[in-house]
Amino acid sequence: MHWSNTSKINSLFSPADRLPPSLKPRKHFCESRRAIYGRLIQCRTGHAFTGEYYSSFVPSETVSCPCGERLQTREHILATYPTFESKCDMLRSASEDLVITDILGTEKGIKALSEFLQETNAFKKPRTDPSHTNLRPSSPSE
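Structure follows, in structure tokens:
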């Protein structure tokens, strides 16, 4: 039986759903450090620390990008986020025009994405100042 991606569902995982299923992990997954592997999977599935994800699953989080972009998406982080602009050449080795389906859904793209993640803090949860969270210790007057 020949595998084909006939899914018509437009999900966060759709851009990455181009490789046929395999019973064994692909080489780039086995060779990645745990932290990189985690961010790679989160990015590919759309379950990463982005405004795109937060808008659907964590409405209490900010959906905008620190650079001012209204909605922080995977495409924005990988192609137009100013902080990572100098590192985009890694991704261009897999997709000259930084096409998200090429980066997330091909062997060459995933390898380039893994290298990009090693060189950047893309898709990491931003650290927050404890004074701006609900987890800060209560003051004696409270």
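In this text, residue positions in the sequence shown follow our numbering: the first is 10, and each later residue adds one.
Cβ coordinates follow ideal geometry from the N, Cα and C atoms, glycine included.
Between the alpha carbons of I50 and R79 lies a gap of roughly 24 Å. Between A88 and I109, the C-beta spacing is below 9 Å. Excluding the 5 residues flanking it on each side, R53 has same chain C-beta neighbours closer than 6 Å at A25 and L113, in chain order.
Counting only runs of at least 4 residues, the stretch 81-141 fully encloses the following alpha helix (DSSP H) elements, listed from N- to C-terminal order: 97-101, 109-114 and 116-128.
Scanning its chain for C-beta atoms nearer than 8 Å, with the 5 sequence neighbours on each side dropped, one finds around L126 the residues I45, R48, L49, C52 and F132, in chain order. Between the alpha carbons of L100 and L107 lies a distance of about 7 Å. According to the DSSP assignment, C52 belongs to the alpha helix (DSSP H) that extends over R43 to T54. For the 9 Å CB-CB criterion, G60 and S69 do not form a contact.
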